[in-house]
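Presented below is the structure to which this report refers.
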């Protein structure tokens, strides 16, 4: 994330954003996709997800397979359970079908995909048979007017570069709709520069290199409109601004962080105080780029979210800030956490606030009582933990190259388990894979026991976010590169 | 709060607590009280709450009135609004009727109070006419079997000692049912000593001096059973244990606090991790008294709460921990907060998690979607802020006498507004009073616009907590004494 740097007066209320070159579908509130419960009769749908063979943690590492070579194989991930979990998730649209198990592949559920689907929906390198049809499960629910869409059969976008971590259990995703990517990229830059004055000119390259458009389009394939995608994009940029400017790379520090984060948190969870002191607080929200970004992104969000969705988001952001503060405390006191301590911290300093807005971005609501169920909380936590370890793995070399010590799972494992850097990294991959399997097993079980449309769609949305997040890390070669362990 | 001190192995799952000398009502799920919407037609119910005349912030202070002398006067709190707010809240049971305004007092709503109401319900020193009848609004919803209750008309408990802060806008409460107080006191001590080994023997006096039984019975007059009260009592004790042992008086420190609090938070919001690392985390929850207390109190709570109520509580606890961490950051960096900054921090380092469980303790549920409404969030925040400033005012001399610098509102006002200690204290009273008026106005408005039984009862529950909290501070002369400013 770029360093916002410049400070200025408070930001005016955000203007309503005019439609860009890709006007939104008229009424964005998308109905729940008509996915029958059978879509989650997962035991009958053994479409194994894509995975590279897991490299042994000792011995000669295998040559890294070229991405996305392993798609059509009935690859089983080593070390994970073979129950519900492994068969569970093409939820988010992995179209990979295992040719070796055709007899047990039930007819995939095909939701009427509009002929004018917005952009290519082809799985990179995967087959184009039955499997790809299931992708439309995650495609926009409302067909766009033809006049605003590219031609019905655009040429597929070229596969993005970037290599997956060898052995990492993951699902390839369709190349994000390039038209949407471009439009989100255009609008988010305008928001960052004109509405919240997020960064000085010299950081423009870093902002572009973050590829927020690709990130959010890839993570929210079911967003009904670009306006919905912008909700996610603004929040993601704001979260990164706070992290960078308050905590990390761009002027951040663990010293005094608790005070800064709390005051920033009031941009999300407002202060209710006396008439005399309210104006100074209001003014503070415009006093630096992170707070301007939080406030503006939240303003947009609450206008599209239900109160319960806003409450859920505030809670997840409080968790995130607690996670930042634990990490900061350990940095200040030179505490080397145990592996379990690190994993606990990382459940809070976590992507969780991003997948859990999937329903708002999708134009529907997972009811609060269903969100609060322990089974759903477990699914969300496991998904967040898996995505966050993905970040640890892809940002490993970047963090090693940064000044100071950056905690991440391979580093902690190397220290606490006395492993070589390579073995620690491979062990972290193993931990990630178990978290992914646990997530998928828990999601499949919940979908089977509670096949309500909003639950099923939410679970698919979280899974889509997990997969999109991995794909963004894999393809963001501007930010990330893999270590030389294979 | 006593210092738990002793450490030990992990705690076994809490046993189900046998009924004590006051067995619980058989089926504790209390139906909503049949309070008609008319109960909140507050414009027609100008029953001014009790308040001492507000002392001028300059000039000769008036002699402190003896508590509770000012009850029957039609006192108006200076500096507060005279709209909805001032007429709003005898919600929680202030029985004080202003004799000077008899013409405008509408017939108070009397909810069928069982003849065998558990304990005296008389307002201390107040009239026994129309006003006191409204008290039964906050009385237990379920009549107790006569065989388990004291005689129908026990002698009123003697008024507790302790003086209210002069000029503080507040509502007297009925003397808490002494039978319940005794039973909660007995059970909570057994829990603290036998189940979570909270403190070493030498701190027993401090534990008793906290008067948790009186506190919780006073704050939850509508709890259907002692089991329900115990939910609140355990959480309150656990919260104080964490605050004292991690943050403040008994071994606490701002240094490294973020790590400790996050790990403690996982006792409320569990870790979901791999099979290899889950056992170490599980074990950690038994490794010190604060975590043992959090875990056990939460275990009991989630068994009585709905998932949404548990989610709400976790969110409020995350807020609380963020507040602790902001305060700690300021202590570490010697930051003298602006008044508005202090008020923002104090909205998080706040009693909020206590009143917001009023529905669980009352045996009903405020639905999640109603809880999340912005109007309800505002009511809750204002109530929490008022109660928290009450704590600042009553603990002022205690904190001045403690080693180190303790931030509280009078101290911050004195520094930032360059006021004398006395004037700063009186200004803090003024701020409290405005917060209370704002709370009451917001609650009355919400009740008028959304007169659903669960909303109305929740608002009354929060108001009861606010009043009970004040009364506990006023009467806890073991902990608190007022400064000599009058």
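Protein chains in written order, with UniProt numbering: chain R, 1 to 486; chain D, 1 to 486. Using N, Cα and C, we set each Cβ at its ideal position, and we do this for glycine too. None of these values were measured; they are calculated from a predicted model.
Put residue i into one of helix, strand or coil per three-state DSSP.
i	result
residue 367(D)	coil
residue 169(D)	strand
residue 290(D)	helix
residue 224(D)	coil
residue 337(R)	coil
residue 174(R)	strand
residue 312(R)	helix
residue 306(D)	coil
residue 397(R)	helix
residue 244(R)	helix
residue 161(R)	coil
residue 404(R)	coil
residue 296(R)	helix
residue 481(D)	coil
residue 267(R)	coil
residue 301(R)	helix
residue 351(R)	coil
residue 321(D)	helix
residue 330(R)	helix
residue 191(D)	helix
Quick one: measure Cβ to Cβ for residue i and residue j, integer angstroms, because I've assumed they're closer than 8 Å.
i	j	result
residue 318(D)	residue 295(D)	With a Cβ gap of about 16 Å, residue 318(D) and residue 295(D) do not count as contacting.
residue 176(D)	residue 209(D)	Contact doesn't hold; Cβ gap of about 16 Å is too wide.
residue 412(D)	residue 324(D)	Rounded, the Cβ-Cβ distance is 17 Å, inconsistent with contact.
residue 242(R)	residue 290(R)	4 Å
residue 306(R)	residue 350(R)	Incorrect: roughly 23 Å between the Cβ atoms, too far for contact.
residue 238(R)	residue 310(R)	With a Cβ gap of about 15 Å, residue 238(R) and residue 310(R) do not count as contacting.
residue 308(R)	residue 369(D)	5 Å
residue 348(D)	residue 425(D)	Contact flag wrong, Cβ pair sits at about 23 Å.
residue 246(R)	residue 234(R)	About 18 Å; that fails the 8 Å criterion.
By the DSSP assignment, the alpha helix (DSSP H) with residue i in it spans what residues?
i	result
residue 465(D)	453-475
residue 357(D)	Where residue 357(D) is concerned, there is no enclosing alpha helix (DSSP H), given that its DSSP letter is neither H nor E.
residue 280(R)	278-284
residue 379(D)	374-394
residue 410(D)	409-416
residue 256(D)	Premise fails: residue 256(D) is in no alpha helix (DSSP H) and is neither H nor E.
residue 430(R)	421-449
residue 196(D)	Run containing residue 196(D): none; DSSP gives neither H nor E here.
residue 206(D)	204-210
Using a cut-off of 7 Å between C-beta atoms, extract the partners of residue i located in chain R.
i	result
residue 345(D)	262
residue 335(D)	256 and 259
residue 509(D)	Residue 509(D) lies beyond the range of chain D shown here (1 to 486); nothing can be said about it.
residue 321(D)	322
Just checking residue i against the ligand NAD - is the residue's beta carbon closer than 7 Å to any of the ligand's heavy atoms?
i	result
residue 168(R)	In terms of ligand content, the structure shown is empty, and the ligand NAD therefore cannot be addressed.
Would you mind telling me which residues of chain D sit closer than 8 Å to residue i, beta carbon to beta carbon, in chain order?
i	result
residue 332(R)	255 and 256
residue 385(R)	272 and 273
Who are the neighbours of residue i on chain R, taking C-beta pairs under 8 Å?
i	result
residue 315(D)	311, 314, 315 and 318
Quick one: which chain R residues come within Cβ less than 9 Å of residue i?
i	result
residue 431(D)	273, 274, 276 and 277
List the residues of chain D whose Cβ lies closer than 7 Å to the Cβ of residue i, in chain order.
i	result
residue 348(R)	262
residue 232(R)	By Cβ distance, chain D contributes nothing, its closest Cβ being about 20 Å from residue 232(R), past 7 Å.
residue 434(R)	274
Meets three-Cβ-pair contact criterion under 8 Å: the segment 191-204 of chain D and the segment 323-338 of chain D: Touching, no.
Can we say the segment 361-375 of chain R touches the segment 405-417 of chain R, given the rule of at least three CB pairs closer than 8 Å? no
Are three or more beta carbon pairs between the segment 428-435 of chain R and the segment 271-278 of chain D nearer than 8 Å? yes
At least 3 beta-carbon pairs within less than 8 Å: the segment 437-445 of chain D vs the segment 375-385 of chain D: Taking a contact to require three or more Cβ pairs closer than 8 Å, the segment 437-445 of chain D and the segment 375-385 of chain D qualify as touching.
With a cut-off of 8 Å, do at least 3 Cβ pairs link the segment 199-206 of chain D to the segment 158-170 of chain D? Cβ pair count under 8 Å is below three, so no.
Any contact of the segment 181-193 of chain D with the segment 229-242 of chain D, i.e. 3+ C-beta pairs under 8 Å? As far as the Cβ criterion goes, the segment 181-193 of chain D touches the segment 229-242 of chain D, which means the pair count is three or higher.
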